[in-house]
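A.B. asks: Numbering (my numbering), first residue to last: 510 to 775.
Encoded as structure tokens, here's the structure I'll be asking about.
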Amino acid sequence: MTTRYVWDDLPGAVRRGVESFVGTVVGATSPDTCHTSPFVATLATAEGGRAFAKGAPIGDTDAAEGLRREAVVSPIVGRFAATLLGEVAVDGWRVLVFEYVDGTHLDLSPGSDELSVLAEALEDVQTIDAPAGVELPPLVERWEKYLTGDDRSLLVGDALVHTDLVPENLMIRYAGYGRRLYLLDWGSAAIGPAWAEYAELYDRLLLRGHTPGSARVWLRRFPVWRHAGRAALCAFVVARQRQEIDVMGDQAAAPGVARWATLLDE
510 MTTRYVWDDL PGAVRRGVES FVGTVVGATS PDTCHTSPFV ATLATAEGGR
560 AFAKGAPIGD TDAAEGLRRE AVVSPIVGRF AATLLGEVAV DGWRVLVFEY
610 VDGTHLDLSP GSDELSVLAE ALEDVQTIDA PAGVELPPLV ERWEKYLTGD
660 DRSLLVGDAL VHTDLVPENL MIRYAGYGRR LYLLDWGSAA IGPAWAEYAE
710 LYDRLLLRGH TPGSARVWLR RFPVWRHAGR AALCAFVVAR QRQEIDVMGD
760 QAAAPGVARW ATLLDE
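See the structure below:
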């Protein structure tokens, strides 16, 4: 089980480093929900401001890799992510400090008018060209052990993909008549085919009440989805099904395996 840390658990040098970006911290609230980073907290400052921080001991290689990806992606995605205020690396810890996004989680349920905001944001994000040499792993590496070489080649691409668009990572802020969507937590970001972002989102839609048919209709509004080859989608589905079985076991994975199969229905 992953060890969880609160603000007071952090070494003094780490806390001082965070405060150099946000000011004196007078309160810190850690969420009850599970996060990939061992330390996650909303910070309240003496000046009345708020910030969001997440971090991990350097020795926690998986969490540290997620933080590294977020730091790499932050300057690339700009207005589609919370602003990275600073990074602290001291006393065996790495902590990222972000602006606090005051909003609500996007409503992914059927009929939600916020789905149009998500659609627009995703298409805008996919116009972003990741700079040459950006250190993000190919998405296909995630499923290498679940596919043959020929199938793996179908999941290669050059788009920047978030891959973890759960409602908790979709924060919408209303200001007057405008709405701005933030795609939070880029710790699973990768480089892959653009359509894979929508394929990952398919399962989220089903879990929020969409039928397989209505979810597939929604996905067809996106040109990159319509141009995804059938063989590539089959390879993706097989990889996701095998991954779920590998992680959860046959019985626990059965509902997810069945949901993924519906992505290929006509």
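A virtual CB, placed ideally from N, CA and C, is assigned to each residue, including glycine.
1. If you follow the alpha helix (DSSP H) that Ala591 is part of, which residue opens it and which one closes it?
2. What does the alpha-carbon distance come out to for the pair Thr592 and Ser723?
3. With 7 Å as the threshold, decide whether the Cβ of Pro646 is near any Cβ in chain B.
4. Could you tell me which uninterrupted beta strand (DSSP E) segments, each at least 3 residues in length, are contained entirely in the stretch 601-669, listed from first to last along the chain?
5. Nearest to Glu753 by alpha carbon, out of Ala741, Ala740, Cys743 and Ala767?
6. So does the stretch 550-568 actually touch the stretch 600-609, counting three or more Cβ pairs closer than 8 Å?
7. Taking the straight line between their C-alpha atoms, what separation do you get for Asp611 and Ser529?
8. What does the alpha-carbon distance come out to for the pair Arg661 and Leu773?
9. Would you grab the beta carbon distance between Ala590 and Leu693 for me? Rounded to a whole angstrom, and I think it's under 8 Å.
10. Would you call Pro520 buried or exposed, if buried means 16 or more other Cβ atoms sit within 10 Å of its Cβ?
11. State yes or no: is the C-beta of Leu615 within less than 7 Å of the C-beta of Pro676?
12. To which residues of the same chain is Ala740 closer than 7 Å at the C-beta, ignoring the five residues directly before and after it?
13. As an exercise, report each continuous alpha helix (DSSP H) stretch of at least 4 residues that is fully enclosed by the stretch 517-600, in chain order.
14. Quick one: measure Cβ to Cβ for Trp769 and Arg751, integer angstroms, because I've assumed they're closer than 8 Å.
15. In the DSSP assignment, find the unbroken alpha helix (DSSP H) run with Gly696 in it and report its ends.
C.D. replies: Once the coordinates are examined:
1. Segment: none, Ala591 is in no alpha helix (DSSP H) and carries neither H nor E.
2. 34 Å
3. The structure shown contains no chain B; it is built from a single protein chain.
4. 602-608
5. Ala767
6. The stretch 550-568 and the stretch 600-609 touch, with no fewer than 3 CB-CB distances between them shorter than 8 Å.
7. 22 Å
8. 18 Å
9. 7 Å
10. exposed
11. yes
12. Leu663
13. Listed in chain order, the alpha helix (DSSP H) elements of length 4 or more contained wholly in the stretch 517-600 are 521-531 and 570-586.
14. That belief does not hold up - the Cβ atoms of Trp769 and Arg751 are roughly 10 Å apart, past 8 Å.
15. According to the DSSP assignment, Gly696 belongs to no alpha helix (DSSP H), since it is labelled neither H nor E.
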